[in-house]
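Each residue of the sequence shown is one higher than the one before, counting from 409 in my numbering.
Using N, Cα and C, we set each Cβ at its ideal position, and we do this for glycine too.
Worksheet: one structure, shown below.
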Amino acid sequence: MASLVFLALIIGVFYLLIIRPQRKRAKSQQELAASLKAGDEVRTVGGIHGVVVSTDEDSVVLKVEEGRIRVSRRAIGARIGDDG
């Protein structure tokens, strides 16, 4: 009986420390990707800084220095004005 309680405690701690924060980060990332619009200054997960020129269902065109690149919405790591 004590081993079942211990196992339940381990599972509860695992959920609170690993699964719950991971779900929260994933939800935040999805909200960021869905809210992107032209003119937003962003940073990709690869460290590329640019300004959103256009978006479609699953990609974003960024203006970087003198050119443009197309990246997946999921590759956008942060909006620059939000967290630097």
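Residue i, enclosing alpha helix (DSSP H) - first and last residue
i	result
Val-413	410-422
Ala-569	Residue 569 is absent from the model: the chain starts at 409 and stops at 492.
Status (buried if at least 16 other CB within 10 Å, exposed otherwise) for residue i
i	result
Leu-460	In the sequence under discussion, the amino acid at residue 460 is Val, which differs from the Leu named in the question. Under this definition Val-460 is a buried residue.
Asp-448	buried
Ile-458	One detail in the question is off: residue 458 reads as Gly in this sequence, not Ile. Looking at its Cβ environment, which holds 16 or more other Cβ atoms inside 10 Å, Gly-458 is buried.
Val-479	buried
Rounded Cβ spacing between residue i and residue j (contact assumed at less than 8 Å)
i	j	result
Ala-441	Arg-481	4 Å
Gly-475	Arg-451	Their Cβ separation, rounded to whole angstroms, is 17 Å, which puts Gly-475 and Arg-451 out of contact at 8 Å.
DSSP bridge partner residues for residue i (one or two, in chain order)
i	result
Arg-476	Lys-471
Ser-462	Val-469
Residue interval of the beta strand (DSSP E) (run including residue i)
i	result
Arg-487	484-487
Arg-451	449-452
Candidates the options: closest to residue i by CA position
i	options	result
Ser-462	Ala-416, Gly-455 and Ala-446	Ala-446
Ser-443	Ala-416, Gly-420, Phe-414 and Ser-467	Ser-467
Ala-483	Ser-411, Ala-434 and Leu-417	Ala-434
Val-472	Gly-455, Met-409 and Lys-432	Gly-455
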